[in-house]
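Heads up, the thing below is written out as structure tokens.
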Amino acid sequence: MTTPAERYAAFRERFGDDGAALRSFRGLYDFALDPFQIDACRALEAGDGVLVAAPTGSGKTVVGEFAVHLALEQGQKCFYTTPIKALSNQKYNDLVKRYGTAKVGLLTGDNSVNGEAPIVVMTTEVLRNMLYAGSATLAGLGFVVMDEVHYLADRFRGAVWEEVIIHLPESVRLVALSATVSNAEEFGEWMGEVRGETTVIVDEHRPVPLWQHMMVGNRIYDMFMTDDDVPRINPTLMRVTRDAERLGAGRGRRGYGRPQRSRPPDRAQVIEKLDAEGLLPAITFIFSRAGCDAAVAQCLYAGIRLTTERERHEIRQLVDERTAHLPDEDLAVLGYLEWRDCLERGLASHHAGMLPAFKEVVEELFTRGLVKAVFATETLALGINMPARTVVIEKLDKWNGETHADLTPGEYTQLTGRAGRRGIDVEGHAVVLWQLGMDPLSVAGLAGTRTYPLRSSFQPSYNMAVNLVGQFGRERARTLLEESFAQFQADRAVVGLAKQLRKHEEALEGYQEAMTCHLGDFTEYAGLRRRLSDREAELSRQRGAARRAAAVRSLEALQPGDVIRVPGGRRAGLAIVLDPGRNPRGTGPSPLVLTIGKQVKKLDPADFPVPVEPIEKLRIPKNFNARAPKERANLVSTLLAKIGDRDLGKPARARDHAVEDEEINELRRRIRQHPCHGCDEREDHARWAERYYKLLRETEGLRRRVEGRSHVISRTFDRICAVLEQLGYLEDETVTDEGRRLGRLYTELDLLTAECLRSGLWEKLEPAELAACVSALVFESRQADDARRPKIPAGRAQDALTAMVRLWAELEGIESDHGLDTIREPDLGFAWAAFRWTKGHTLDAVLMDGINGNELAAGDFVRWIKQLMDLLGQLGNAAPPDSKIKQTASKAIDGMRRGVVAYSSLS
């Protein structure tokens, strides 16, 4: 096993000098390249693929830009892929500035500019679709840059990255750029297996040092102190937070308000403090859209102004210029004037609910240093290049769609990675706002941990299956899927499990040898003893279940006024039944009783190991109030007077009476007659046998886990192919016409979309009605548990939506028969908004009507409409020649492409 130093020395020996391309490339920059950038570029020029894992803001994209430079030098093409359109637009603009519009193209869902250029920037999905379609644009492709390749872990879109990596032609060199992940070597090893020689460059050095702080009250404290180069938690911070915790808890108990130091500062105070300390510009991460907007409003009301007169003029000029294309009536709906006023003060929010045009303006102003305080959701940390001097984190937990979950070390690292602007700041700062209950040691643990493993989210889909079978045939397709990172990681886990399995099997052989008996087969004898033990345990369970059932029946027979005896536990003794507590849900009765100690308690069947019988009957007064102590005492006195000195005997106990069981008798007879029964070392052998059988159970469990993880991707693929065969999309190795149509539908609900298309559900719909129906296939509500019935258009659209849900239920049944569960139910929540927008209603009317009575955010509206337009375009391409869908879909797209939706920024 070589050391990192030895590996690095070997690397230097292999790629020691700069080639001609790297020398000319260095001249394009007015700063010296970092060692990790040089190493990656040398490997690339030498003919390797590269994986670069480095912190946010470290300059990974320089390596991607070298791939572009190398492609042009060698007369080849380079595709630069990004996970989101905003990043694609930004990269396109950067490359155009360097190489000119003639050499650079852009392909996203919204834009197609110069797609045959030697350099094309695109979203990853566009490249995946090209590969499946066998696009002529792939001719001459020499390099592919995959920026933000760690998106591969994304639950919804991650599979696309693996599809591209697996299916790219062997001649294409891959440049994968990733955030710092703790298993980069594992990922690089997989890339080496799939793509050939791949150099892994891991750089954990931040170009701008990051200082961690905590703000307690209105003071900012360093989180760490360094003694002899060893960081430790700041003792002053520990003392201050302890004092604040004690003060806050004490005041809370006495009913007074919290003292100032135990309360987190309000957002305006935080910004004022950062400004006073010279820590602006700052991004404050708030895990709620409404919280981001509220933070801007709080700063506005506090009268905060962070800009000079000249900056305000520059901001207004840029804002007016960037929004000039938007209709005035839409700007009024979007609160344009208030938004611009906040920007002129140097304040802004940034989240997915904002109009894309507004977000782009915020990004540009912040990058230029004109906006000084941005309040953002965590999506900003995953997006475009927007570094700050300081990052503020309000809370260390966030709503993940199901529950409030703590931030992971990886998420914390990603958020704070935005702090520190290279070439501008000497150091970056991360500030956590202290709150009651927050432990600085836990926060320090988050800040000091560097575990962010990359986990594959790859799963075969119906569209993927027909495309792979069509291109490669079934066997080759299965082999390709076995090459996925998901299977690679599963196999790695299986290697560990298999090693453990082998150890268990070796130990079993040793145990078997230790329990060998000279008188006979001790394994057989031990098996008889185990069968006897299992049978006795089974009978005991049956008797226990019978007792519990009898106890439940006896409780169900109780009546108010019955005096019973609770046999044991904290409530043992006499009690009067106030309410039998019969439970209609079948979970057993829970009688409410008054104990001899004058307490009202609720019992359950677990309090009665044996059936209960009333020992007396009392009349409970008609207006008896169990909450009144006097009335409880009177009723207990009545009970005591009625019982008197009567001897009630001992409480009944649960007893197991021996039951004649033929199997037990037979097993005992065989054990007594077995030769090993007379062995002097019988019990010693038996102890080894117990260990043997315990380990055998564990071994069988391990074997099941190994079998469950082996070939898991190809097994899923086989099930998907079986569904496709049943529905007529595949015929053994052949993709049918319907299958080819399915292969052109790149959407989460691909099979349901294809089935709707094939069944003719949408043929008679008008454009707005088609938009309403197709929206159910792309939209997914942010509030999954919203039980309110969504508003949908009446008539043909309503009938078609009902039929779509019925079709989904049928497909769900077919999937279930094949052991699959991949198709979610269509979500009708956006149908009314899509219908009205396509019909030509105003933005104001559509947003106000919203979803299920909730006003719709402009950013969400534009995003869903664009996704809907994309799927309608796919439907037009996939529809049969004699179908009206192509024409109807085209009209629907035209109806939607207006106002705020029509805007696409390339500036």
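Under the working numbering, think of the first position of the sequence shown as 68, with each following residue one higher.
Note that the Cβ used here is the ideal one computed from N, Cα and C, for glycine as well.
Contact check, residue i vs residue j, beta carbons under 8 Å
i, j, result
"L198", "V231", "yes"
"L244", "M213", "yes"
"W875", "L828", "no"
"Y218", "P150", "yes"
"R273", "P423", "no"
"C584", "H744", "no"
"F291", "L118", "no"
"R485", "P454", "yes"
"Y592", "H741", "yes"
"L797", "G806", "yes"
"P681", "V619", "no"
"H136", "Y970", "no"
"K684", "V630", "yes"
"D360", "L910", "no"
"E580", "T766", "no"
Local conformation of residue i per DSSP, three classes
i, result
"N921", "strand"
"K689", "coil"
"S551", "coil"
"A624", "coil"
"D728", "coil"
"P978", "The requested residue 978 does not occur in the structure, where the chain is confined to residues 68 to 974."
"E683", "strand"
"R286", "strand"
"A956", "helix"
"M915", "helix"
"V703", "helix"
"D884", "helix"
"P274", "coil"
"R334", "helix"
"L935", "helix"
"A87", "helix"
"S607", "helix"
"M281", "strand"
"R964", "coil"
Neighbourhood of residue i by C-beta distance below 7 Å, restricted to the same chain and skipping five residues each side
i, result
"Q793", "I881"
"V261", "I232, I233 and E550"
"R320", "Residue placement at R320 is poorly supported in this model, since its pLDDT is 46, which falls under 50; the coordinates still yield a value, given next. For R320, where only same-chain residues beyond five positions count, there are no Cβ hits under 7 Å."
"D588", "none"
"L914", "V400, E922, L923, A925 and F928"
"R134", "The question names Arg, yet the displayed sequence has Ala at residue 134. For A134, where only same-chain residues beyond five positions count, the Cβ hits under 7 Å are L111, C145, F210, V212 and V242."
"A8", "Limits of the chain in this structure are 68 at one end and 974 at the other, which puts residue 8 out of reach."
"L938", "T814, V841, L844 and V845"
Beta-bridge partners of residue i, as assigned by DSSP
i, result
"F675", "BP columns for F675 are empty, so no partner."
"M189", "T148 and L174"
"K465", "A472"
"K668", "V660"
"V180", "L173"
"G587", "C584"
"P298", "T293"
"R798", "Correcting the residue type first, residue 798 is Glu in the shown sequence and not Arg. Paired residues: T801."
"S245", "A120"
"I105", "The partner list for I105 (beta bridge, DSSP) is empty, contrary to what the question assumes."
"V459", "T351 and V498"
"A443", "F352 and H417"
"T265", "G116"
"G640", "V633"
"V212", "Y147 and V242"
"D646", "L659"
"A486", "A455"
8 Å Cβ cutoff, residue i in contact with chain C
i, result
"Q502", "Included in the structure is just one protein chain, with no chain C present."
Neighbourhood of residue i by C-beta distance below 6 Å, restricted to the same chain and skipping five residues each side
i, result
"T351", "F442 and V459"
"L208", "K144 and V239"
"L414", "V363, C366 and A440"
8 Å CB neighbourhood of residue i in its chain, flanking five on each side removed
i, result
"R222", "S524"
"K906", "A835 and G962"
"G540", "E800"
"A867", "L828, W829, L832, E836 and C840"
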